[in-house]
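Heads up: the structure comes next, in structure tokens.
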Amino acid sequence: MAHEAVIGLECHVQLRTNTKMFCACPVRFGSEPNTNVCPVCLGLPGALPRLNDAAVEYALRLGLALGCRVREVSVFARKNYFYPDMPKNYQITQYDLPLCEGGELPAVIDGVPRTFALTRIHLEEDAGKSFHPERHGDRSLSRVDFNRAGVPLVELVTEPVLRTPAECTAFLTALRRLVRALGISDGDMEKGQLRCDANVSLRPAGAAALGTKTEIKNLNSIKGVEKGVTAEIARQRRLLDGGEAIVQATLLYDADHDKLAIMRTKEHAHDYRYFPDPDLPVLRVEQARVARVRETLPELPWVREARLITGYALPAYDAAVLCETPALADYFEAVARGADAKLASNWIMTEVLRVLNERAWTLERWAARVPAERLHDLFARVGSRELPGPVAKQVFAWMCDEDGAVPELLERHGVRVQGSSDELAPLVEQVIHEHPGPVAQYLAGEAKTLGFLVGQVMKKSGGQAVPQVVQELLRAALAKGGPGA
Ligand SMILES: [Zn+2]
């Protein structure tokens with residue numbers, strides 16, 4: 151029987167606030183272990199949490215960008231369970247009354263736009279981190295770092311609307327781009343700033359009821375999600391094809407060895423004994439605040455992408471690459487305004503991104519070296535055929551290492567380019583009239599006489615014209631039929 155997969159994602163996004171969710175400890179990646187801690191995030195008796203309003207602001211930005219409904223009153227609850235890296239033995243999260251509900255994330259899969267419905271977005275605190283060096287023969291101790299305990303997270307839960315691993319990748323890529331554009335998270339999966347659990351089930355193709363699901367925990371790279379989900383779909387399909395039943399379970403995926411391991415089977419759901427946190431008041435979000443946050447949202451990545459496609463006549467692929475970060479899209483727009491947009495897009499996607507990659511430069515550093523106006527000027531000169539492609543490439547190479555506008559760079563390197571097409575056209579006409587013999591030979595198929603004609607135009611220009619431009623102009627003029635045509 152043919153089965154189709156049904157996938158739901160639970161994504162945890164670490165918010166880039168200055169301080170933790172319920173205390174004043176700094177949120178900092180890479181500090182010495184257990185240096186960013188205090189009685190609140192260590193769960194010492196008598197310490198009281200106080201909500202960080204910046205985390206609420208960031209969650210609202212995300213919720214409103216995704217079109218969620220915002221609850222006027224939401225509630226923080228205690229989720230009780232024991233885990234060594236969670237000193238309070240409960241996690242403060244939102245349960246039955248989350249901050250945001252509904253909404254959807256647009257993403258593009260194989261060039262086809264789709265939207266993925268969301269269930270909810272809520273705020274919660276992160277746990278600390280356990281290290282098990284004894285597994286690598288380091289020493290016979292596990293260690294715990296509480297620097298991450300209490301760092302603010304949003305958890306974003308999708309409806310079971312994803313069908314393929316590729317859709318998971320598109321979803322996470324779109325989410326990462328969004329949180330970066332909103333400035334609420336760096337979304338760096340390597341630093342654990344974006345983590346994901348995936349719920350996977352199979353059902354007969356076309357059936358409405360959902361099959362038994364399993365949950366893959368703590369996937370920490372987009373590739374890991376795609377590979378883990380692929381492996382789990384294959385595992386479930388093998389079992390179903392062999393007439394076996396799926397057992398509800400929590401799985402771990404080892405991306406390095408492409409292996410799934412069953413962590414625990416769930417006979418019934420965990421009882422976390424949720425109850426409202428008595429140390430925290432309910433979270434009230436007035437309509438006026440919702441309206442204010444909505445107004446301050448930047449242009450959303452998918453809106454900008456659509457605008458680049460229609461406004462600059464760019465292919466969808468180009469628009470997607472350029473909208474990866476707002477800074478790159480800003481740079482493109484500053485370069486492309488009033489210039490040939492496709493030319494600008496090609497150069498930025500190939501040349502600029504290549505240099506950034508080779509030199510490990512940020513776009514900021516690049517823009518300080520080559521301001522957008524300078525590149526705009528270069529492309530305008532290419533567009534007007536004042537600079538032929540090879541010369542423009544050379545100028546671009548100088549730009550990467552030197553200051554100075556295009557004319558200065560040409561001067562500094564002793565390149566004299568005379569010659570917009572308009573300036574050279576009369577010279578081309580003269581040469582065609584003065585040399586009917588070679589023109590006739592060229593028209594009769596002797597291509598090499600073109601070189602002689604180019605030389606004549608170069609002579610008339612005092613050697614300042616660019617041969618490639620002259621050659622193109624001559625070819626075009628002769629194609630129209632030679633002298634007198
Ligand atoms: Zn603290």
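In this note's numbering, the protein residues as written are 151 to 635.
For glycine and all other residues, C-beta sits at the position ideal for the given N, C-alpha and C.
Whose CB is closer than 5 Å to a heavy atom of ligand 1? List the residues in chain order. This selection yields 173, 175, 188, 190 and 191.
Closest Cα partner of residue 428 within the set 201, 227, 222 and 623: From the listed residues 201, 227, 222 and 623, the smallest Cα separation to residue 428 is found for 227.
Can you tell me where the beta strand (DSSP E) with residue 505 in it begins and where it stops? No beta strand (DSSP E) holds residue 505; the alpha helix (DSSP H) holding it covers 503-509.
Could you tell me the alpha carbon to alpha carbon distance between residue 507 and residue 498, rounded to whole angstroms? When rounded, the separation of the alpha-carbon atoms in residue 507 and residue 498 is 12 Å.
Can you have a look at residue 412 and say buried or exposed, based on whether 16 or more other CB atoms are within 10 angstroms of its CB? Looking at its Cβ environment, which holds fewer than 16 other Cβ atoms inside 10 Å, residue 412 is exposed.
Helix or strand or just coil, what does DSSP make of residue 367? Here residue 367 sits in strand by DSSP.
Taking DSSP as the reference, what is the three-state secondary structure of residue 413? Residue state for residue 413 is assigned as strand, using DSSP reduced to three classes.
Mind checking who residue 280 pairs with in its DSSP beta bridge? Residue pairing for residue 280: DSSP places it in a beta bridge opposite 294.
Of the residues 615, 151, 437 and 327, which one's Cα is nearest the Cα of residue 478? Selected option, being the one with the closest Cα: 327.
I'd like to know whether the C-beta atoms of residue 528 and residue 495 end up nearer to each other than 7 Å. Inclusion of residue 528 and residue 495 in the CB contact set at 7 Å is not warranted, their separation being larger than that value.
How many Å lie between residue 336 and residue 611 at the Cα? One C-alpha to the other measures close to 55 Å.
How big is the Cα-Cα spacing for residue 365 and residue 302? Residue 365 and residue 302 have their C-alpha atoms roughly 23 Å apart.
Just to confirm the assignment: which complete alpha helix (DSSP H) runs, minimum length 4, are found wholly within the segment 217-264? As far as the segment 217-264 is concerned, it has no whole alpha helix (DSSP H) run of at least 4 residues.
Which same chain residues end up closer than 6 Å to residue 210 when comparing Cβ atoms and leaving out the 5 residues on each side of it in sequence? Short of 6 Å from the beta carbon of residue 210, and not among the five residues preceding or following it, lie these beta carbons of its own chain, in chain order: 443.
For residue 606, which residues in the same chain have their Cβ closer than 8 Å to its Cβ, ignoring the five residues on either side in sequence? 581, 584 and 585, listed in sequence order.
Is the beta carbon of residue 318 less than 7 Å from the beta carbon of residue 325? Cβ atoms of residue 318 and residue 325: not closer than 7 Å.
When we look at the beta-carbon of residue 224 and count the other beta-carbons within 10 Å, is it buried (16 or more) or exposed? Residue 224 comes out buried.
Reference residue 618, options 535, 361 and 275, closest by Cα: Of 535, 361 and 275, the residue nearest in Cα terms is 535.
Rounded to whole angstroms, what is the Cα-Cα separation between residue 634 and residue 628? Unreliable placement is indicated for residue 634, whose pLDDT of 46 sits below 50; the coordinate value is still reported in the next sentence. Each residue's alpha carbon lies about 10 Å from the other.
What did DSSP end up calling residue 196 once you bin it into helix, strand or coil? Residue state, collapsed to three classes: coil.
Among the residues of its own chain, which have a CB less than 8 Å from the CB of residue 608, if the five just before and after it don't count? The answer, listed in chain order, is 615, 617 and 620.
Bridge partners for residue 270 per DSSP, in chain order? DSSP, once it has assigned bridges, lists 251 and 307 as partnering residue 270.
Apart from the five residues on each side of it in sequence, which residues of its chain come closer than 6 Å, Cβ to Cβ, to residue 469? Around residue 469: 455, 458 and 459.
Closer than 6 Å by C-beta to residue 263: which residues in its own chain qualify, once you throw out the five before and the five after it? Chain order, please. In the same chain as residue 263, and ignoring 5 residues on each side of it, no C-beta atom comes closer than 6 Å to its own.
Looking only at its own chain, which residues have a Cβ that is under 6 Å from the Cβ of residue 171, when we skip the five neighbours before and after it? Closer than 6 Å at the Cβ level, and outside the excluded window around residue 171, lie 202, 205, 275, 300 and 302.
Element boundaries [alpha helix (DSSP H), containing residue 354]: Unbroken run through residue 354 is the beta strand (DSSP E), 344-354; no alpha helix (DSSP H).
If you check the beta carbons only, do residue 175 and residue 186 fall under 7 Å apart? At the C-beta level, residue 175 and residue 186 come within 7 Å of one another.
Do three or more CB pairs link the segment 445-452 to the segment 480-492 at distances below 8 Å? Not touching, per the Cβ criterion.
Could you give the distance in angstroms between the alpha-carbon of residue 310 and the alpha-carbon of residue 156? So the two alpha carbons sit approximately 6 Å from each other.
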